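Enquirer:
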Amino acid sequence: MRSLTRLVQVVTAGWILLFLAFAFGRAYGQEQAVVKQLDIKGSRKIDEATIRFRLKTKLGEPFSLEKTREDVKALYRLGFFDDVAVDAEVFEGGLKVTFILTEKPTIREIKIRGNKQIATDKIKEKIALTEGGVFSPQVVASNAERARLLYEEEGYYQAKIVPKVEKVAEGDVSVVFQIDEGGKFEISSVRILGTKGLSERDIKDHLATKELFLFFFYGTLKREELQRDLDRIKAFYLDNGFLDIKVDEPEIRVLEAKRRLEINIRVEEGPQYRVGEVRLAGNTVFATDEILRPLQIAKRGIFSREVFQRDILTLTDRYSERGYLFADIAPIINTDRVNHIVDLGLEISEGKQVFVERIEISGNTKTRDKVIRRDIALIEGDLYNSRLLARSRQNLNNLGYFEDVKIDTRRGTAEDRVDIEVTVKEKATGSFAIGAGFSSIDGVLGAGSISQNNFLGLGTRVSFSGQLGSNANRFVLRYQDPHILDTETSLDLSLYNQRLLFQSLTGFDQDSTGGMLTLGRRVYKELFGSVSYKYEQVRIFNLIPNLVVDPAGLIKEGTNTTASVGVGVAMDLRDNRRDPTRGFSGTASYQLAAGFLGGENEFNRFNLELGYYHPLFWKFVGHIRGNLIVVEPFGNSQKIPTQERVFLGGTNTVRGFKTFTLSPVDASGNRIGGNKAIYFNNELLFPIYEPLGAKGLLFIDAGNVFAEDERFSLSLRPTAGGGLRVATPFGLVRVEYGFNLDQRPGEPSGAAHLTVGSVF
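When you line the sequence shown up against this note's numbering, it's residues 1 to 760, in that order.
1. Would residue 110 be called buried (16 or more neighbouring beta carbons within 10 Å of its own) or exposed?
2. Express the C-alpha separation of residue 622 and residue 200 in angstroms, rounding to a whole number.
3. Looking at the structure shown, is residue 584 part of a helix, part of a strand, or coil, going by DSSP?
4. Just to confirm, are residue 657 and residue 705 a CB contact at a threshold of 8 Å?
5. Quick one: residues in its chain with C-beta nearer than 8 Å to the C-beta of residue 762, no 5 flanking neighbours on either side, listed in chain order?
6. Take the Cβ of residue 215 as the centre, count every other Cβ of all protein chains shown within 10 Å, and call the residue buried at 16 or more, exposed below.
7. Taking the straight line between their C-alpha atoms, what separation do you get for residue 174 and residue 696?
8. With 16 as the cutoff for other CB atoms within 10 Å, does residue 599 come out buried or exposed?
9. Anyone know if the C-beta pair for residue 127 and residue 141 falls short of 8 Å?
10. Would you report the Cα separation of residue 403 and residue 541, rounded to the nearest angstrom?
11. Using CA atoms only, rank isn't needed, just tell me which of 351, 373, 350 is closest to residue 361.
12. Work out the CA separation of residue 224 and residue 88 for me, nearest whole Å.
13. Taking the beta strand (DSSP E) that residue 146 belongs to, which residues open and close that run?
14. So does residue 95 have its beta carbon nearer than 7 Å to some heavy atom of the ligand NAD?
15. Near residue 625, which residues of its chain fall below 6 Å by C-beta distance, leaving aside the five closest residues on each side in sequence?
16. On the premise that residue 478 lies in contact with residue 463, defined as a C-beta separation below 8 Å, what is that separation, rounded to the nearest angstrom?
17. Tell me the DSSP secondary structure of residue 398 in three-state form.
18. Beta-carbon of residue 453 versus every beta-carbon of chain B: anything under 8 Å?
19. Tell me whether the beta-carbon of residue 285 lies closer than 8 Å to the beta-carbon of residue 267.
20. What is the DSSP secondary structure of residue 509, counted as helix, strand or coil?
21. Quick one: measure Cβ to Cβ for residue 574 and residue 613, integer angstroms, because I've assumed they're closer than 8 Å.
22. By Cβ distance, which residues of its chain are closer than 7 Å to residue 616, with the 5 residues on each side in sequence left out?
23. Taking the continuous alpha helix (DSSP H) assigned at residue 291, which residues delimit it?
24. Label residue 75 either buried or exposed according to how many other C-beta atoms from any shown protein chain fall within 10 Å of its C-beta, with 16 as the threshold for buried.
25. Determine the direct distance from the alpha carbon of residue 384 to that of residue 537, and round the result to whole angstroms.
26. With 16 as the cutoff for other CB atoms within 10 Å, does residue 641 come out buried or exposed?
27. Going by C-alpha to C-alpha distance, which of 206, 607, 345 sits closest to residue 592?
28. Taking the C-alpha atoms as reference points, what is the distance between residue 684 and residue 181?
29. So, for residue 693: in the same chain, excluding its five sequence neighbours on each side, which residues have a beta-carbon less than 7 Å away from its beta-carbon?
30. Determine, using beta-carbon pairs with one atom in the region 329–348 and one in the region 418–428, whether at least three such pairs fall under 8 Å.
31. What is the rounded straight-line gap between the Cα of residue 67 and the Cα of residue 129?
32. Need the endpoints of the beta strand (DSSP E) that residue 83 sits in, please.
33. Here's the rule I'm using: 16 or more other beta-carbon atoms within 10 Å means buried, otherwise exposed. How should residue 53 be labelled?
34. Whose C-beta lies closer than 6 Å to the C-beta of residue 377 among residues of the same chain, with five residues either side of it excluded?
35. Could you check the C-alpha separation between residue 143 and residue 112 for me, to the nearest Å?
36. With DSSP collapsed to three states, give me the class of residue 44.
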């Protein structure tokens, strides 16, 4: 009704202006009337100067009916007025033009009434209205629907929300949302009716709408999601060869007495179509058999739209890896509805191979261009390769210098040339942190660190960290350069000092001071090699009394030095180094300590660690990790230095045993460590609260330490448990508890493991 009134006013104003224009045309011949006075009436809240600025009708200029019409439309578009009218009259040999405005009310207050189950603040968060804003019936109605959808998400399927307007003053109103919450309904069943070729269970696995599970999981009806579920059902059938699938609108049965909902969705499957012939046209780069052999669509027998699309994308990637960036693959689908056969074709327009003409970098306000370029796997003049470009994006993300990395391509100066545009968004790479906490390893502790991961924008890392605890003190100064002197060789230099007061666990306390220099280089693709030199001075003290007379002489008090060289290889194929969900990683290292290197201890040490992440279902991720450690005397030495003996137990090895408590024992029952160990960690990781990076986990660990006179065996000590991990500025907070599944006399049934703050 209001819009009709507005239309009548605009049309009426137009006729008045047309009449006046005609009258002035007769009175003054062909001379146009001039606007002698321009008035604005009815504008109380909007500044008059703002309105005049929007008008094309100006004082002292000839009057124009067309301009006036545009002015009326422009004022409506401002959104502040319910009505705009124009009045014109003869005045001092010209015209007096008056714009008569009726302002929309202002929202003085927003009120929520009738809500009991959902807090007022939560409802207002969903409402896109602000106090002091302009009132609009359409906007208020849409916000009532927003609030209703909120109730629906919480299970209040029959909630009704009626918006009301209360006048509080001239031009001011209160908007009231009157809520009738109704009862909370849960979904008791979701049925797919008419299924023959596909199982109802498989179909329901693809739906977001699910029955109530264990009294509080799922069970909430969201009508928008239910509509999307109909598309999911159709897509699932299409991906399994049912090209004639029909999905009816859902039937929702309301069981008032039980506060339950039953949802029935009926389908008409039709026949299942199989793949007939697959033909190619236009391929010269790859032989026909070379293309057809890896196609999954031909191997399935049953036609699947998703598999066919995936095959096309895979083939497109194969072409782009050969430099055919603009290769176009057009699918052809011929459906035989009588015999239920689908013949497929791929028309390939290969185009030309393209080469990289320029690589342009932008957004790097701190990081030098060369730091970015050296992690791009392509250079100017190279044949374009999409796989190398994807690796380049991952390389840049792994640097940890950027919030966002975008890599785009655009055509160059010729048909066979492309430019690569790399756009980065810098993030803070320096950090300073200080705090306190508790660790089941180190006891009460205070920790601090200062680091710059992109020192002077050169891609080098400088850090100093310190930790003071009741059981351990650690200080580390470290410098890392991944490309020393702009070469492919990396440098890692560290100096450290630590004191470990673990007498109650290992039978002795220990002071260590030393340094380590490591040079590394890529050996092949993602395989990296390294060589290192380490010098360390260790003091063993506070031996428990019955270790002083240790007949085997395995634990010795005093100061000793170790100088060693090491070699290692590492491979990391994980999708994300900070929070991986898939991929393999592995390291192998060998350390030789000998007198001719500058120390007194002599031994060999071999370490092997392998890990694998794999996504399972929803956001669950499986993680398997295995470790092997072997330490042997070298040269004239007959014994392994005390600090090099192997102990297991604790957060990073076998959970369920306290730190360093999984160990061979001597005749007096003292833990003396071993010279070899093997252990496995099996974890199921899942998110709990993603904004905080909180994850839960379940684990099964198994491992054991073996003495010199023992051989490796599968006599491993199993444990199982669960825990929580939360990312913090100091690193990962880990709270875990493991149960000893093979408890022996004198052993506890399990152990808690808590690590808060950085452990350097």
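We put the beta carbon where it would ideally sit given N, CA and C, even for glycine.
Everything numeric in this text was worked out from a predicted model, so none of it was measured.
Expert: Looking at the atomic coordinates:
1. Classification of residue 110: buried, given that the 10 Å Cβ count is 16 or more.
2. Each residue's Cα considered, the two are about 28 Å apart.
3. DSSP places residue 584 in strand when its eight states are reduced to three.
4. Cβ atoms of residue 657 and residue 705: not closer than 8 Å.
5. The structure shown has nothing for residue 762, since the chain only spans 1 to 760.
6. Unreliable positioning characterises residue 215 in this predicted model, as indicated by a pLDDT of 42, which lies under 50. The coordinate reading is nonetheless provided below. With fewer than 16 other Cβ atoms from the protein chains shown falling within 10 Å of its own Cβ, residue 215 counts as exposed.
7. For residue 174 and residue 696, the distance between alpha carbons rounds to 47 Å.
8. Classification of residue 599: buried, given that the 10 Å Cβ count is 16 or more.
9. Contact flag unset, no.
10. Whole-angstrom Cα-Cα distance: 48 Å.
11. Measuring from the Cα of residue 361, the nearest candidate turns out to be 373.
12. Distance between the alpha carbons of residue 88 and residue 224: 52 Å.
13. Unbroken run through residue 146 is the alpha helix (DSSP H), 137–153; no beta strand (DSSP E).
14. Because no ligand of any kind appears in the structure shown, any question about the ligand NAD cannot be addressed here.
15. Counting only Cβ-Cβ distances below 6 Å, and skipping sequence neighbours, we find 611, 681.
16. Right, their Cβ atoms sit about 5 Å apart.
17. In the three-state reduction of the DSSP assignment, residue 398 falls in the helix class.
18. Among the chains of the structure shown, chain B does not appear; only one protein chain is present.
19. Contact annotation: residue 285 and residue 267 have beta-carbon atoms that are not nearer than 8 Å.
20. Under the three-state reduction of DSSP output, residue 509 falls in the strand class.
21. Right, their Cβ atoms sit about 6 Å apart.
22. So the qualifying residues of the chain are 622.
23. If you look at residue 291, you'll find it in the alpha helix (DSSP H) that goes 288–292.
24. By the 10 Å Cβ count, residue 75 comes out buried.
25. Each residue's alpha carbon lies about 53 Å from the other.
26. Classification for residue 641: buried.
27. Per the Cα distances, 607.
28. Cα to Cα, the separation comes out at about 40 Å.
29. Cβ within range, chain order: 726, 727.
30. No: the two stretches stay apart, fewer than three of their Cβ pairs being nearer than 8 Å.
31. The alpha-carbon of residue 67 is positioned some 34 Å away from that of residue 129.
32. Annotation: the continuous beta strand (DSSP E) that includes residue 83 extends over 81–91.
33. The residue in question, residue 53, is exposed, as its Cβ has fewer than 16 Cβ neighbours within 10 Å.
34. Setting aside the 5 residues that flank it on each side, residue 377 is surrounded in the same chain by 388, 391, 392, each with a C-beta closer than 6 Å to its C-beta; the list follows chain order.
35. A direct Cα-Cα distance of roughly 12 Å separates residue 143 from residue 112.
36. If DSSP states are grouped into helix, strand and coil, residue 44 belongs with coil.
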